[in-house]
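Quick note: the sequence shown, position 31, residue 31 per the UniProt record's numbering, numbers continuous.
Using N, Cα and C, we set each Cβ at its ideal position, and we do this for glycine too.
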Amino acid sequence: MTAPVIATPLPTCPDIEQAFARSWPVRLGDTDDQDRLRLDAVARYLQDIGFDHLDAVEDGDLHQVWIVRRTVIDVYEPIMFGDRVQLRRWADALSNRWCDMRIQLTGERGGHIEASAFLIHIDPVAGRPARMSDAFMAPMLASTTEHRLRWKAALTELDTTEVETVPFPLRVTDVDRLGHVNNAVYWEAVEESLAAHPGSRALPYRAIVEHVGPVMMGDKVVLRTSAQAGGLRLQMDVDGSARALAAIEPIG
């Protein structure tokens with residue numbers, strides 16, 4: 001039997017107490033009208049602890065540019081407004097140019113989210129994947145036995161005409177320092193679709209975003225949503241071409 005592209009549940013840390021850790025309060029701008037931590041806020045949290053992690057490891061200053069290829073967020077219990085969230089981050093698998101980082105988020109009141117991010121290290125001058133230094137990789141190599149990570153897509157483009165189609169206008173604040181629409185913005189689109197299909201948020205659930213191509217400021221983005229028996233499928237298009245794929249599905 002072929003192993004799934006994404007494991008369920010996501011792999012655990014060999015020694016969770018050795019994972020890089022940070023914590024902070026969940027504030028008003030991170031939560032929805034039900035006081036739940038939103039998925040786009042989770043995506044920002046993953047970025048924030050990632051950059052904090054760079055500050056704590058050798059050669060982190062030489063590895064400042066990354067592209068997110070895929071993010072997986074498994075929500076078991078929502079983390080709520082006013083809670084304090086504990087984040088732990090470690091490498092689950094890597095090659096010498098990319099890695100799959102695992103992040104566990106737990107709330108003091110019982111909230112529980114597991115996430116993973118497939119990250120590609122980029123040469124800031126050449127703009128292409130670049131080898132990580134030996135010193136930078138050393139702690140990651142120590143936390144996993146998977147040292148030959150390869151990319152494999154988990155999602156495919158929508159192949160049905162039964163879709164809801166709405167424009168997804170971009171704002172100037174959506175663009176990051178690389179000139180790309182920031183990863184968290186794609187998760188705002190997921191939240192838009194979940195608001196229209198709240199039954200897809202039944203716990204526990206998995207949400208996945210895979211990036212097919214960049215979205216740039218000025219692009220006319222169209223969000224396409226298909227409600228299917230196994231959950232929601234989403235696609236963000238520019239000029240009729242898919243730029244991001246997403247899915248929301250139950251766990252278990």
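For residue i, the nearest candidate out of the options (CA to CA)
{"i": "G82", "options": "I67, T31, V125", "result": "T31"}
{"i": "R27", "options": "T8, M80, A43", "result": "M80"}
{"i": "F118", "options": "V190, V209, P25, P14", "result": "V209"}
{"i": "G230", "options": "M216, A43, A207", "result": "A207"}
{"i": "P14", "options": "L141, P198, E164", "result": "L141"}
{"i": "H147", "options": "L223, P9, A7, M137", "result": "M137"}
{"i": "A246", "options": "R224, P25, R109", "result": "R224"}
{"i": "D35", "options": "D174, P78, T12", "result": "P78"}
{"i": "D74", "options": "R171, L203, A242, A227", "result": "L203"}
{"i": "S143", "options": "D100, D174, L155", "result": "D100"}
{"i": "G111", "options": "R102, P25, A56", "result": "P25"}
{"i": "D134", "options": "G60, T160, P214, P11", "result": "G60"}
Residue i to residue j span [Cα, whole Å]
{"i": "A244", "j": "L232", "result": "14 Å"}
{"i": "W66", "j": "L105", "result": "21 Å"}
{"i": "H53", "j": "G179", "result": "23 Å"}
{"i": "V222", "j": "A189", "result": "10 Å"}
{"i": "M216", "j": "D237", "result": "12 Å"}
{"i": "V212", "j": "E114", "result": "23 Å"}
{"i": "Y76", "j": "P250", "result": "10 Å"}
{"i": "L46", "j": "I103", "result": "7 Å"}
Bridge partner(s) assigned by DSSP for residue i
{"i": "H211", "result": "A244"}
{"i": "A3", "result": "Paired residue(s): none; A3 is not in a bridge."}
{"i": "V238", "result": "V221, S241"}
{"i": "R206", "result": "D74, E249"}
Contacting residues, own chain, Cβ-Cβ under 8 Å from residue i (five flanking each side not counted)
{"i": "W98", "result": "R69, F118, L119, I120, H121, P129, L149, W151"}
{"i": "S95", "result": "H147, R148, L149, R150"}
Where the alpha helix (DSSP H) containing residue i begins and where it ends
{"i": "A93", "result": "No alpha helix (DSSP H) contains A93, which is instead part of the beta strand (DSSP E) from 84-94."}
{"i": "D219", "result": "Counting along the chain, D219 falls outside any alpha helix (DSSP H), and DSSP gives it neither H nor E."}
{"i": "L119", "result": "Per DSSP, L119 belongs to no alpha helix (DSSP H); it is in the beta strand (DSSP E), 112-121."}
{"i": "I16", "result": "Per DSSP, I16 belongs to no alpha helix (DSSP H) and is neither H nor E."}
Same chain, Cβ closer than 7 Å to residue i, neighbours up to 5 away in sequence not counted
{"i": "S200", "result": "L194, G231, L232, I248"}
{"i": "L39", "result": "I73, W187, V190, E191, A207"}
{"i": "A19", "result": "C13, R88, R89, W90"}
{"i": "A56", "result": "F20"}
For residue i, the first and last residue of its enclosing beta strand (DSSP E)
{"i": "W24", "result": "20-25"}
{"i": "V65", "result": "Note, V65: premise wrong, no beta strand (DSSP E); not H, not E."}
{"i": "M101", "result": "98-107"}
{"i": "P167", "result": "164-167"}
Cβ shell of residue i (< 6 Å), same chain only, five flanking positions each side left out
{"i": "E108", "result": "D83, R84"}
{"i": "A41", "result": "D30"}
Proximity test, Cβ basis, 8 Å: residue i and chain D
{"i": "P9", "result": "Here there is only one protein chain, and chain D is not present."}
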